[in-house]
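First residue of the sequence shown: 86, per the numbering used here; consecutive thereafter. Here a beta-carbon is modelled for each residue, glycine too, at the ideal position from N, C-alpha and C. Source: prediction; values computed, not measured. To start, the structure under review is shown below, and the notes come after it.
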Amino acid sequence: MAMDPWQPTRPTTSEVRDLLVLDDDEAIMRALRRLLGARYAVRCAASADEARELMSARVPKVLLSDYELAEGTAADFLREVKARWPEVRCILHSASRAEAWTERLDDGILEAVVTKPATAAEILDRIESQRR
Numbered sequence: 086m087a088m089d090p091w092q093p094t095r096p097t098t099s100e101v102r103d104l105l106v107l108d109d110d111e112a113i114m115r116a117l118r119r120l121l122g123a124r125y126a127v128r129c130a131a132s133a134d135e136a137r138e139l140m141s142a143r144v145p146k147v148l149l150s151d152y153e154l155a156e157g158t159a160a161d162f163l164r165e166v167k168a169r170w171p172e173v174r175c176i177l178h179s180a181s182r183a184e185a186w187t188e189r190l191d192d193g194i195l196e197a198v199v200t201k202p203a204t205a206a207e208i209l210d211r212i213e214s215q216r217r
């Protein structure tokens, strides 16, 4: 039976933390769910609207977001996240050029950036660095 990329996974470790992945590429969402599912309760969204809906129901500890989405860039959505849910740690996972997002690091919207393609260790390191 194929794994549904839209349903939360069940973490197997004792530390349960909620993570939301925002990416319009289903293959990337599936890969991130496989990578992160053992450590985190992973939910996935393919658009900012879908992510907003999921966050309204349950606020994640970490948002791992692509920059380039089908509906445009994630910049406005990430600003909205920080305004509505300042406790959410935002990590950008993007192949976009640095000029597109470096100012977001300076203005406090992003806590970290993972440049695509990234190794599993790089992604996990950025997420783990967000522990409070």
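Where does PRO90 land, buried or exposed, given buried means 16+ other C-beta within 10 angstroms? With a pLDDT of 46 at PRO90, under the threshold of 50, the modelled position of that residue is not reliable, and the figure given next carries that caveat. With 16 or more other Cβ atoms within 10 Å, it is buried.
Considering only the alpha carbon of each residue, which of GLY157, GLU156, SER181 and TYR152 lies closest to CYS175? TYR152
request  = May I have the straight-line CA-CA distance separating LEU177 from THR204, to the nearest angstrom?
outcome  = Cα atoms of LEU177 and THR204: separation of roughly 14 angstroms, rounded to the nearest angstrom.
- Item | Alpha-carbon spacing of PHE162 relative to LEU209, whole angstroms | 23 angstroms
Beta carbon of ASP109: closer than 7 angstroms to some heavy atom of the ligand NAP? Looking at this structure, you won't find the ligand NAP or any other ligand, since it has none at all.
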